[in-house]
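Have a look at the structure below before the remarks.
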Amino acid sequence: MRTVLVLNGPNLARLGSREPDVYGTATLDDLRKACAATAAELGLAVDFRQTDDESEIIAWVHEAADRQLPIVLNPAAFTHYSYALRDALAMRTAPLVEVHISNPAARESFRHNSVVAAVADGTIAGFGFGSYRLALRAIADMLPGDG
């Protein structure tokens, strides 16, 4: 079974209590369970992680490149300024889909720019946890053969 890294950046551990009008009331654990269920339907396994630490998420991206693992990535605030994360993602060796729970283009102007979008296969945003389900389906479609 092919493993997909589902990586989540800063403040996403606060889902459920952080700006529920924007992010809803479901928790990070609810998101983990939804991703695992979708992955199982697709014949995939997920390795679900969250960090507030830029160096840790970059290390995970390096691991994915070394192991040729596809990534579903919600870079959160790193989306808008982390050139170090962007450069690490440019070294990827498997599909990469950027995801966002909300639609950054419909929010504050500083959220409109993604420095990682140019190195991703695509971006899915604005569908709540559905963004992750759609991203996992896109990854499954991009994987060769039986994975």
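The sequence shown begins at 13 in this note's numbering and counts up one residue at a time.
Glycine is no exception: its CB is placed at the ideal position from the N, C-alpha and C atoms.
This one's a predicted model, so the numbers in the text were calculated from it and none came from an experiment.
Terminal residues of the alpha helix (DSSP H) in which residue i lies
i, result
"A150", "142–154"
"D59", "Note, D59: premise wrong, no alpha helix (DSSP H); beta strand (DSSP E) at 56–62."
"V73", "66–79"
Residue i and residue j closer than 8 Å at C-beta
i, j, result
"V128", "L97", "yes"
"A46", "V16", "no"
"A150", "P116", "no"
"P22", "D64", "yes"
"L108", "A132", "yes"
Span separating the alpha-carbon of residue i from that of residue j
i, j, result
"A152", "A57", "11 Å"
"D41", "T91", "22 Å"
"A130", "S29", "31 Å"
"L27", "N20", "11 Å"
Beta-bridge partners of residue i, as assigned by DSSP
i, result
"G134", "V109"
"T15", "A57"
Bounding residues of the beta strand (DSSP E) (the contiguous stretch that carries residue i)
i, result
"L85", "83–86"
Beta carbon proximity, residue i to chain B, threshold 8 Å
i, result
"F122", "In the structure shown, chain B cannot be found, because there is only a single protein chain."
Per-residue burial, residue i [other beta carbons within 10 Å of its own, 16 or more giving buried]
i, result
"A71", "exposed"
"R145", "buried"
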